[in-house]
Structure formats: structure tokens, C-alpha cells
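For the sequence shown, UniProt numbering gives the first residue as 1, with consecutive numbering after it.
One structure below.
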Amino acid sequence: MAYREIYAKWQADPEAFWLDAAGSIDWTTHPQTALNATRAPLYEWFTDATVNTCWNAVDRHVLAGRGKQPAIIHDSPVTGTKHVITYAELLDRVSRLAGALKARGVAKGDRVIIYMPMVPEALEAMLACGRIGAIHSVVFGGFAAAELAVRIDDCKPKAIIAASCGIEPNRVVHYKPLLDGAIDQATHKPDFCVILQREQEVAKLIEGRDLAWHSFQYGVEPAPCEPVAGNHPAYILYTSGTTGAPKGVVRPTAGHLVALAWTMRAIYDCGPGDVFWAASDVGWVVGHSYICYAPLIAGCTTIVYEGKPVGTPDAGAFWRVIEEHKVRAFFTAPTALRAIKRDDPEGTLVKDYDLSRLNALYLAGERADPDTVNWASRHLNVPVVDHWWQTETGYAIAANPLGIERLPVKVGSPSVAMPGFDVQVLDEGGHPVPAGQLGAIAIKLPLPPGTLPTLWNAEDRFVKSYLTHFPGYYETGDAGYVDEDGYLYIMARTDDVINVAGHRLSTGAMEEVLANHPHVAECAVIGVSDTLKGQSPLGFLCLNKGCTVPSDQIIRECVQLMRDKIGPVADFKRAVVIDRLPKTRSGKILRGTMVKIADGAAFKMPATIDDPAILDEIRTALQSLGLAKPA
């Protein structure tokens with residue numbers, strides 16, 4: 001069946017569609033019904049089923065005779081090590097860790113925080129929790145103590161599993177002091193902590209609370225899989241960039257399994273034995289869905305990469321991994337590609353590697369600008385699939401489903417809505433707008449299996465944040481439009497649509513124009529306050545490595561480009577050249593923070609910022625334009 005037929009099949013009978021998809025999962029108690037709407041608009045899926053995540057990700061593959069197949073490849077250029085773990089070895093490691101947690105009193109429904117770098121033990125900890133029905137909450141390794149403390153107090157973990165340190169290209173990140181500081185600050189105290197001691201740094205353990213990873217597991221009985229109810233939370237994941245109380249996205253077990261299994265075939269065209277690589281971090285939703293769970297549920301080999309797109313050792317790092325491990329599907333963020341493109345604008349390093357096993361490149365995490373997509377497509381010579389999803393959904397809302405049908409690519413669009421998602425573009429009154437018109441993107445309820453049913457201990461906040469603005473819809477917070485062929489275009493966060501003299505303009509469209517300049521490697525556009533026009537656009541330009549053209553000339557050319565492509569209505573007259581953009585650790589540009597700095601407004605340091613020092617550079621650049629003055 002082609003994509004249109006499959007989407008129509010879902011529309012005609014959503015419950016039958018998802019019950020059919022549930023056939024790819026091993027159930028303890030098979031679901032008889034798909035959707036539970038008794039608490040609408042708080043919908044749940046497969047609530048009458050019982051199942052275990054770890055069984056579906058590990059045990060059943062060993063039982064099927066594929067125990068010798070690699071499950072995890074750990075490739076760590078920052079430590080100079082590589083390590084392969086088979087499915088049989090993974091089963092042994094996970095069941096022993098689960099048994100040790102259980103022996104220490106961790107039971108079904110208890111929470112466990114995981115604070116780890118990109119090592120296989122992070123995945124083992126996640127799977128061990130799922131094996132005994134504990135609910136894990138992975139916090140990005142190296143996260144600030146104060147932010148970790150907030151998450152400890154919100155989910156109240158029975159235990160914390162951490163590593164002594166993380167490794168960056170030029171430094172060791174000391175995790176244990178951050179963990180100790182967080183526990184000191186938190187009101188809730190875990191019963192115990194398990195510490196993975198790494199060779200690069202051995203942490204001091206606190207007697208009576210801290211246990212070493214290996215001795216903690218010595219002599220324990222391996223734990224069997226414990227079935228949980230279909231709506232039992234598999235994990236809590238706190239959204240990046242939250243202010244005040246964090247938003248803990250809840251992921252229900254059964255829907256998570258069914259949806260991820262479906263995507264591996266339909267979107268990523270991968271099955272047992274294929275090598276799948278998501279170049280993300282386990283601390284982000286991509287790491288949860290497509291480093292840990294989905295590839296293992298599908299019987300693939302997943303890569304855990306501890307390195308960077310550039311600098312470990314160069315801009316060919318990703319291509320080396322793809323060649324060496326025979327990667328079939330590669331998933332990364334546009335910001336990683338832009339970093340590579342900035343260091344290697346002509347793609348010369350790509351030619352040094354055999355990428356013939358690569359079937360497709362997938363992009364998500366932020367809007368993929370056409371310039372980056374075209375660069376990747378030209379040099380890699382494979383389909384470049386931009387797809388759109390959120391922490392809240394856990395997988396793609398819109399994509400080009402290569403496992404079903406390779407749809408025509410429209411550069412700048414993440415293609416079409418996937419089954420389960422009825423995507424609408426609405427005006428402020430909640431009415432659908434015509435094709436091609438910019439509006440707020442919303443999804444008609446119910447959301448499909450695996451998406452968030454609520455926030456952890458914050459049901460009222462869930463309803464207020466996502467379901468109130470457009471009754472009957474989930475509000476995505478993104479703005480864009482749908483064309484006459486049903487292709488979706490994500491142009492900006494709703495907050496990033498700026499109003500210039502009454503004209504609603506997309507910052508994403510402006511960034512698309514700037515990115516087309518041959519010397520611009522990366523860019524951002526924000527709207528700053530203007531007493532006459534309400535808002536005025538301002539561009540930030542990062543140039544290609546080795547560029548010798550004067551900055552003022554490039555700025556003049558960019559202003560003219562904007563005038564030619566969008567017109568005088570954009571009122572684009574100002575830009576600054578900077579070395580780098582402020583981003584979260586997942587690669588999202590902190591446009592909202594940049595706006596506040598430009599307007600001289602107070603702001604809270606974003607919890608997920610990659611490097612706070614960048615904000616001082618932004619402030620200095622803005623002051624050169626007469627902006628960033630305290631209000």
C-alpha cells in the first residue's frame with residue numbers, strides 16, 4: 001500500500017489501524033481495545049493490555065536466535081575506544097542490573113534518575129528500569145546542580161544512577177560534584193546512588209549512600225521481566241528550556257512500543273540486523289526513542305557515539321562512523337550538519353569514506369533550512385528526510401515515509417502527516433486557514449499511541465499548556481502552513497512569528513534567505529522591539545571557516561538578498577556577524593533569550609544552554625548596534 005492509502009486506512013478506522021500495528025509487539029495480555037476515551041480530552045491507549053518494554057527490546061531477540069548479533073556499538077573518539085555488546089550480552093548485563101536495583105528495594109512504579117554520558121551503561125540503566133517496571137527519568141549528563149535538584153524534587157527518585165564524569169574533546173566534565181550538589185539542594189533525598197567509575201576520573205563515594213556500579217551488582221539474582229499495564233509510565237522526560245517548575249513529559253509503555261516499532265519500518269525502513277545511528281544524546285527525546293528503544297525493539301544494531309560532529313578529530317567524524325559500522329539509516333540535527341558544512345563547505349572529507357551502505361539521512365530537532373538540506377543531498381547522494389516531531393510526541397508528526405513510499409521531496413518541508421496525526425493550521429480564533437497561509441499548527445485530538453497523555457503530577461498544567469487555546473486540539477507551539485499537496489512547512493515557533501508594521505512574518509523564511517548567501521554557514525533572525533513598527537527583524541550571521549570577505553560587505557549583500565526575495569515589507573536592514581549562536585545542548589537556537597537581551601529585558605539563564613559565555617558575545621554584538629540596553 002502507498003502512503004495515501006495507509007493514511008486513509010488510519011483515518012477510516014484509527015483503532016483498527018493501531019490494533020493491527022500492535023501485532024509487532026510481544027504482549028503478556030493482548031489489547032482488546034485500542035483507545036480509552038473515558039477521560040477525554042485526556043486519552044490513553046491499550047489500557048487493557050500488559051507488556052514489558054525490556055522483553056520487547058532485548059529478550060525476544062535472544063529467544064529468536066539472534067543473541068550473537070550486535071545490539072549496541074559504543075564508538076567513543078573522545079576516549080579512543082570502541083566496544084560491541086551483543087543481544088545476549090545485553091540481556092545478561094541488563095537483567096543483573098535490574099536484579100541489583102530490585103534487591104535494593106526499587107519496585108514497580110518507583111522512579112530512578114539516570115545522569116550519564118554517552119556510554120552503553122546509560123541504555124542498560126534505562127532497560128533495567130523497564131525490566132522491573134521502574135520509571136526512569138534521564139537527565140542530560142553534566143546538567144547544572146540546581147536544575148538536577150529541581151528534577152529530583154519533582155519526580156522523587158528512589159535511586160539515582162550516574163557516572164563519575166563525562167568526556168568532552170578538551171576537558172573532563174565532573175559529574176559527581178554536580179550530583180552531590182544537587183542532592184544537597186533537593187528537599188527529596190534518594191535512598192541510594194549507583195556510580196559508574198570511569199577511567200578518566202574516579203569519584204569519591206559517600207559512605208552509606210553511594211555504591212560502585214560493579215560491586216553493587218556482585219552476586220545478585222538476575223531479574224526477570226515484570227509485565228506492566230499498558231498505560232504504566234515507561235519514563236518521565238523533562239522538556240528542554242523550561243522555566244519555573246519543569247514539564248515532565250510522561251511516556252506510556254504500550255503506546256510507546258507500538259508507535260516506535262511502526263516508525264522503524266514505515267519511516268526509517270530498518271529491520272532486524274540493520275545498523276541504525278541517531279547522533280544525539282540519551283538525555284534528549286531523540287536519544288530515548290532512537291538511540292535506546294526503537295532500534296532495539298526492531299532488532300537493529302544501535303550506535304552510541306561519544307563525540308562531536310567536528311573536532312573529534314575533524315569534520316569527517318560522522319562519515320567515518322557510517323563507513324566503519326555500515327550504517328543504513330543516520331539521524332542527526334541540522335545544527336550538526338551546519339557545523340560540518342562550516343568546517344568543510346565543499347564536502348571534500350565526504351569523498352574519503354565509503355558511504356554506500358547508507359540508505360538515507362534524517363534530520364530533526366529544529367527547522368532544516370534548504371541550504372543545509374541541499375548541501376547534504378549533493379554530497380551524500382542519498383535522500384535527506386527532514387521530519388518534524390517534539391519531545392511531547394516522541395516520534396515524527398510529519399515525515400517522508402521511506403519504508404512505505406518515497407514521496408517527492410520538497411526542500412524546506414518535513415513532508416506529510418504520519419498516520420495518527422490530523423494536522424491543521426489554525427488562525428487565532430481556531431479556524432482552519434487556506435492552503436499556503438501562515439498560522440498556528442495544531443493536531444486534532446486524540447493524539448496517537450506513544451504521545452504524552454499528561455505531565456508528571458501536573459494534569460492541570462498539561463491541559464492549560466496544550467489543550468486550552470484550541471479546544472479539541474493539541475497546540476504544538478509551532479507556526480507554519482500546508483501547501484495544496486498537503487505538505488507541511490514549519491516556519492518558526494509561534495513566538496518567533498514577528499509583527500512588522502502589521503505584517504506577520506516568519507523568521508524561518510528570513511533565515512532561509514540569509515542561509516543562501518555563499519559565505520553564511522549559519523544564521524538566526526529575531527524580532528526586536530521597534531517604537532514605530534512594533535517589531536523589526538535583526539539577523540545574526542556565522543560565516544564559513546576561512547572566509548576573507550569583509551563582514552560589512554556580507555551584511556550589505558544579505559540586506560539586498562532579503563529585499564530581493566521577501567521584499568521591502570520585511571524591513572530587514574540590520575545584521576551582525578558573530579562567531580557562534582547561543583543554543584541548547586540539543587542544538588536549538590535560543591531566539592527568545594536573544595530577543596530579551598536585545599530589548600534590554602530581564603531573562604533567566606536557560607537551563608539547557610550549551611555555553612553561557614556566548615550570551616556575553618551576543619550582548620556585545622547587539623550593543624554595537626545600540627541595542628541591549630537595560631530597560
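Glycine included, every Cβ here is placed at the ideal spot set by N, Cα and C.
Excluding the 5 residues preceding and the 5 following residue i in the sequence, name in chain order all residues of the same chain whose CB lies nearer than 7 Å to its CB.
i: A88; result: V62, G67 and K68
i: T243; result: Bear in mind that a pLDDT of 44 at T243, under 50, signals an unreliable position, so the number given afterwards is only what the model happens to contain. K604, listed in sequence order.
i: V194; result: A159, I161, L211, W213 and F216
i: L257; result: I25, V51, T53, N56 and I297
i: W389; result: A364, Y395, A396 and I397
Taking C-beta to C-beta, are residue i and residue j nearer than 9 Å?
i: G486; j: A399; result: no
i: I597; j: I618; result: yes
i: G546; j: C558; result: no
i: P334; j: E366; result: yes
i: L590; j: T391; result: no
i: residue 650; j: Y353; result: The shown model of the chain, from 1 to 631, leaves out residue 650, and the question about it has no answer.
i: P453; j: G420; result: no
i: C270; j: G99; result: no
i: I340; j: A368; result: no
i: M594; j: P612; result: no
i: P77; j: P313; result: yes
i: M264; j: I291; result: no
i: L438; j: S356; result: no
i: A122; j: A145; result: no
i: L179; j: L148; result: yes
i: T79; j: Q185; result: no
i: V220; j: R96; result: yes
i: I322; j: L349; result: no
i: S529; j: V576; result: no
i: G248; j: W27; result: no
i: V304; j: I72; result: yes
i: H174; j: I152; result: no
Spatial neighbours of residue i within its chain, please: CB distance less than 6 Å, with the 5 preceding and 5 following residues excluded, ordered by chain position.
i: G133; result: K108, E226 and V228
i: V411; result: P370 and V373
i: H232; result: T253
i: V138; result: I114, V282 and G283
i: V286; result: A278 and S280
i: A259; result: Y395, P449 and G450
i: Q535; result: I498, N499, V500 and G527
i: V112; result: C129, A134, H136, P157 and A159
i: A607; result: E147
i: G430; result: F470
Give me the residue from the options with the minimum Cα distance to residue i.
i: L35; options: Y395, A186, G230 and D75; result: G230
i: N544; options: A442, L625 and E346; result: E346
i: Y473; options: R367, N381 and D422; result: D422
i: H30; options: L42, L237 and T47; result: T47
i: I160; options: H288, R328, M126 and H174; result: M126
i: T476; options: R493, F331 and E484; result: R493
i: D92; options: Q217, I73 and P169; result: Q217
i: C300; options: V275, A122 and G430; result: V275
i: A442; options: V106, L467, E147 and W456; result: L467
i: A16; options: W45, L541, S280 and A266; result: W45
i: R406; options: W389, G394, V384 and Y395; result: V384
i: R171; options: T531, S624, T86 and G142; result: G142
i: L426; options: G105, A570 and A440; result: A440
i: H136; options: I73, L179, H288 and D184; result: H288
i: H387; options: P414, V513, T302 and P408; result: P414
i: K464; options: D610, M510 and P41; result: P41
i: Y268; options: F330, G208, K326 and R209; result: F330
i: A521; options: D343, G208 and L532; result: D343
i: H83; options: P408, A22 and T302; result: T302
i: R60; options: L622, P224, A12 and A317; result: P224
i: P446; options: W10, M1, Y3 and A2; result: W10
i: A2; options: F140, P70, P401 and V58; result: P401
Which residues in the same chain as residue i place their Cβ atom closer than 8 Å to its Cβ, once the five residues preceding and following it in sequence are excluded?
i: R251; result: P233, A234, Y235, I236, L237, H288, G394, G450 and L452
i: E124; result: L90, R93, V94 and L97
Any chance you could list the alpha helix (DSSP H) runs of at least 4 consecutive residues sitting entirely within the region 392-450, in chain order? none
Give a yes or no on contact between the region 355-362 and the region 552-569, applying the rule of three or more CB pairs nearer than 8 Å. Result no; under three Cβ-Cβ pairs closer than 8 Å.
Segment contact flag, the region 511-531 with the region 540-559, C-beta cutoff 8 Å, min 3 pairs: yes
Which whole runs of the beta strand (DSSP E) in the UniProt domain "AMP-binding enzyme C-terminal" (510-588) are 3 residues long or more, in chain order? 520-530, 534-543 and 574-577
Taking only runs of the beta strand (DSSP E) that begin and end inside the region 348-395, which ones reach a length of at least 3 residues, in chain order? The region 348-395 is shown to contain whole beta strand (DSSP E) runs of 3 or more residues at 360-363 and 384-386, in chain order.
Beta strand (DSSP E) runs contained entirely in the region 271-341, provided each spans 3 or more residues: 275-278, 301-305 and 329-332
I'd like the ranges of any beta strand (DSSP E) spanning at least 3 consecutive residues and lying wholly in the region 62-86. 70-76 and 81-86
Sequence ranges, beta strand (DSSP E) only - wholly within the region 111-159, length at least 3: 111-115 and 135-138
In chain order, each alpha helix (DSSP H) run of at least 4 residues that lies wholly inside the region 171-233: 175-185 and 213-217
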